Structures are given as C-alpha cells and as structure tokens.
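Inspection log for the structure reproduced underneath, given as structure tokens.
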Amino acid sequence: EDVRRVACVGAGVIGGGWAAHFLARGYDVTAWDPAPDAAVRLRRLIAAAWPALEQLGLADGASQDRLTVTATLEEAVAEAQFVQ
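Sequential numbering from 302 applies to the sequence shown in our numbering.
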C-alpha cells in the first residue's frame, strides 16, 4: 500500500522536524503531542523551517496546509499508513 498519510507522535523539536520533512515531501501529516500549546509551536516551527525546505526543493503538492494536529493519539494514527 502506498503511504499517503504520516502520523507524527510528538511535536517538539524532533517530531516537528519530521513533520516538516514529510510535508515538504508532499505527504498529509497528522501530529499529536500532549503539550497544551503543541499545535501553535508546531506550526511556528514548520513555518520557520519552510524557506530552507523550499530552497532544498519541495515535492509536487507540498504544503504546510496538509498538516492536521489532533487532540488524541488515536485520531493521529487512525488513518496513517506510517507512524513516526
């Protein structure tokens, strides 16, 4: 089965880096982190990294808009073909 959606469990520096990488490669990404401000921090991290990722070359369809941050771990992994 082809991987279309990746789930990132944890959205700190390492998880956020993986989320940014997968988004730049054109995947749909769901992320979950127990920290109350995780969604805001993750979106800021990805926005800050995006110019460098653009310089490296984005895959067709790559977009920060393909990120979904979920309230539960179960939601994050429910439709993922790959979990990081």
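Just so it is clear, CB atoms sit at the ideal spot from N, CA and C, and this is done for glycine as well.
Since the model is a prediction, treat every value here as computed from it, not as a measurement.
Would you kindly work out how many angstroms separate the C-alpha atoms of residue i and residue j, rounded to a whole number?
{"i": "residue 351", "j": "residue 310", "result": "20 Å"}
{"i": "residue 327", "j": "residue 317", "result": "15 Å"}
{"i": "residue 331", "j": "residue 349", "result": "19 Å"}
{"i": "residue 340", "j": "residue 367", "result": "14 Å"}
{"i": "residue 385", "j": "residue 365", "result": "18 Å"}
{"i": "residue 304", "j": "residue 363", "result": "15 Å"}
{"i": "residue 371", "j": "residue 329", "result": "13 Å"}
Please work out which residues of its chain come closer than 8 Å, Cβ to Cβ, to residue i, disregarding the five sequence neighbours upstream and downstream, and give them in chain order.
{"i": "residue 336", "result": "312, 313, 342"}
Leaving out five residues before and five after residue i in sequence, what residues of the same chain have Cβ atoms less than 7 Å from its Cβ?
{"i": "residue 354", "result": "321, 325"}
For residue i, which residues from the same chain have a beta carbon less than 6 Å from its beta carbon, with the 5 sequence-adjacent residues on both sides left out?
{"i": "residue 334", "result": "311, 312"}
{"i": "residue 308", "result": "331, 377, 378, 381, 384"}
Quick check on DSSP: helix, strand or coil for residue i?
{"i": "residue 304", "result": "coil"}
{"i": "residue 359", "result": "coil"}
Across which residues does DSSP place residue i in a beta bridge pair?
{"i": "residue 384", "result": "308"}
{"i": "residue 339", "result": "DSSP lists no partner for residue 339."}
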